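So the sequence shown is numbered by the working numbering: it starts at 25 and just counts up by one.
Please read the structure below before turning to the comments.
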Amino acid sequence: MLVVGVCSLKGGVGKTSVTLGLASAALERGLRTLVVDLDPQGDSTMALGTVAGQGDVSTVLDAPSPQAVTAATAPSSWAEDGLDVLVGSERSVLHDRIDDSDVHRLRDALSWVSGYDLVLIDCPPSLGGLTRTGLAACDRAVVVTEPGLFAVMAVGRAMRTIDELRRGPAPSLQPLGIVVNRVRARSVEQAYRLQELQTLYGPLVLTPSVPERAALQQAQGAAQPVHVWPGAAAAELADVFDQLLDRALRAPRR
Ligand SMILES: Nc1ncnc2c1ncn2[C@@H]1O[C@H](COP(=O)(O)OP(=O)(O)OP(=O)(O)O)[C@@H](O)[C@H]1O
Ligand SMILES: [Mg+2]
C-alpha cells in the first residue's frame, strides 16, 4: 500500500483536483484506492459522490480504532467497486492543532486499513495540525502549486514542512515532488514562474504539469472521473494524471 498526501499552504491551487485526477487514473488502472478527505471543506467527498455513513474522518481522529475506520469509510459513486472514501467532516477542524498531539492518529488508523493498493490524502489549505497529521501518515508527499508568485513562494514553506516532519515524527516521509497546476500555454508570467520552480527544485518539479481546462471543473461538478468525461481536453487531462500516477507508483511501497 502506497500512501500519498497532496498538500499546499495556499488555498485553491488544485490539491483536491490533483487528488481526484490521481484517483481517476488509479480507478482506470484497476488499483484499489482509498481517498482520505482530511479537509474540513469536504470537497473530495462531494466530488467523489460519497454519502457519509456512521462515521467520518473526525471520529477516526477523535479515537482511532479499526471499528472507527470501517464506520468512516464509504464507497465513491464513481465505481461499483475499488474506490472508497474516508469521509470528510467539518469537525475535523477540531484536530487542526498546533502541538502535534494528533500527529500519529491517521497513521495509526491507516495501519488497520487493508485491501488497498493506494491511499490518497487530500489535505486542507494550510500546513497546520491536520496537514501534519496527514503527511505523518504518508510515504510520499505531493505539493501542488500554480505558476504564480505567491503560490511559488508557498511551495518553499511546504517543502520545509515536509523536511521538518521527516526529521521528526514522520521518518518515512519523502517528497514525491511538485505538481504545477492550471498551466496556460501562452502566459509569459507563468513561463517565468515555471522556470523559477525548475531552477529552485530541479527534478522535484514533476512532469507533465496540469493544464487549465474547463473539462476538469465540468467533470468535478458532475461527480465523475475525468477519465470518463467526453472530449479532447478531458482525454488530455486523463493522460497527464496517468503519467503523474506512474511517477507516484515508482516510489517504494510499504
Ligand atoms: N487544471 C485546472 N483547470 C481548470 N480548473 C481547475 C484546475 N485545477 C483546479 N481547478 C478549479 O479550481 C478550483 C480550486 O481547485 P481545487 O478545489 O482542486 O483546489 P484546492 O487546492 O483543493 O482548494 P482548497 O485549498 O480550497 O482545498 C476548483 O473549482 C477546480 O475545479
Ligand atoms: Mg481542496
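From the three backbone atoms N, C-alpha and C, an ideal C-beta is built for every residue, glycine too.
Quantities reported herein were computed from a predicted structural model and do not represent experimental measurements.
- Consider the C-beta atom of ARG237 and the heavy atoms of ligand 1; say whether any pair is separated by less than 8 Å. Taking the sequence shown and counting its residues from 1, the one referred to as residue 237 is at position 213. Under cutoff, so the answer is yes.
- Cβ-heavy atom distance, PRO149 to ligand 2, below 8 Å: Within the sequence shown, residue 149 is the residue found at index 125, counting from 1. The answer is yes for PRO149.
- Cβ shell of LEU189 (< 7 Å), same chain only, five flanking positions each side left out: In the sequence shown, the residue the question calls residue 189 occupies position 165. Result list for LEU189: ARG156, LEU159, ALA160, LEU197, in chain order.
- Item | Residue interval of the alpha helix (DSSP H) (run including VAL81) | Your numbering for residue 81 matches position 57 in the sequence shown. Per DSSP, the continuous alpha helix (DSSP H) segment holding VAL81 begins and ends at 81-86.
- Item | DSSP bridge partner residues for CYS162 (one or two, in chain order) | Your numbering for residue 162 matches position 138 in the sequence shown. Under DSSP, CYS162 forms no beta bridge with any residue.
- Spatial neighbours of ALA258 in its chain, beta-carbon cut-off 6 Å, leaving aside the 5 residues before and after: Residue numbering aside, residue 258 sits at position 234 when the sequence shown is read from its first letter. Taken in chain order, the residues that qualify are ALA239, VAL250.
- With 16 other CB atoms within 10 Å as the buried threshold, where does TYR216 fall? Position 192 of the sequence shown holds residue 216. Exposed is the call here.
- Residues in its own chain within less than 6 Å of THR40 by CB, not counting five upstream and five downstream? Translated into positions along the sequence shown, residue 40 becomes position 16. So the qualifying residues of the chain are ASP67, SER68, ASP146.
- Determine the direct distance from the alpha carbon of SER48 to that of ASP266, and round the result to whole angstroms. Position 242 of the sequence shown holds residue 266. Position 24 of the sequence shown holds residue 48. Rounded to whole angstroms, the gap between the alpha carbons of ASP266 and SER48 is 9 Å.
- Cβ of GLN65 within 8 Å of any heavy atom in ligand 2? Position 41 of the sequence shown, counted from the first residue, corresponds to residue 65. GLN65: yes, Cβ under 8 Å from ligand 2.
- Item | Supposed close pair THR74, ALA98 - CB separation, criterion 8 Å | Residue 74 sits at position 50 when you count from the first residue of the sequence shown. Residue 98 sits at position 74 when you count from the first residue of the sequence shown. About 5 Å; that satisfies the 8 Å criterion.
- beta-carbon LYS34 near ligand 2 non-hydrogen atom, thresh 8 Å: By one-based count along the sequence shown, residue 34 stands at place 10. Look at LYS34: its beta carbon is at least 8 Å from all of the heavy atoms in ligand 2.
- Query: What are the boundary residues of the alpha helix (DSSP H) that LEU198 is part of?
  - Reply: On the sequence shown, position 174 is the one that residue 198 refers to. Note that residue 198 is Gln in the sequence shown, not Leu. Here GLN198 belongs to no alpha helix (DSSP H); instead the beta strand (DSSP E) covers 198-204.
- Item | beta strand (DSSP E) segment containing GLY29, residue limits | Looking up residue 29 in the sequence shown gives position 5. For GLY29, the uninterrupted beta strand (DSSP E) run begins and ends at 26-31, by DSSP.
- Item | Validate contact between the stretch 27-36 and the stretch 161-171 using beta carbons, cut 8 Å, 3 pairs | Contact between the stretch 27-36 and the stretch 161-171 is present: three or more C-beta pairs spanning the two stretches fall below 8 Å.
- Output the boundary residues of the alpha helix (DSSP H) element that contains LEU230. In the sequence shown, the residue the question calls residue 230 occupies position 206. For LEU230, no alpha helix (DSSP H) run applies, since DSSP gives it neither H nor E.
- Looking only at its own chain, which residues have a Cβ that is under 6 Å from the Cβ of TRP136, when we skip the five neighbours before and after it? Counting from 1 along the sequence shown, the entry for residue 136 is found at position 112. Within its own chain, the residues whose Cβ lies closer than 6 Å to the Cβ of TRP136, once the five positions on either side in sequence are excluded, are PRO90, VAL93, listed in chain order.
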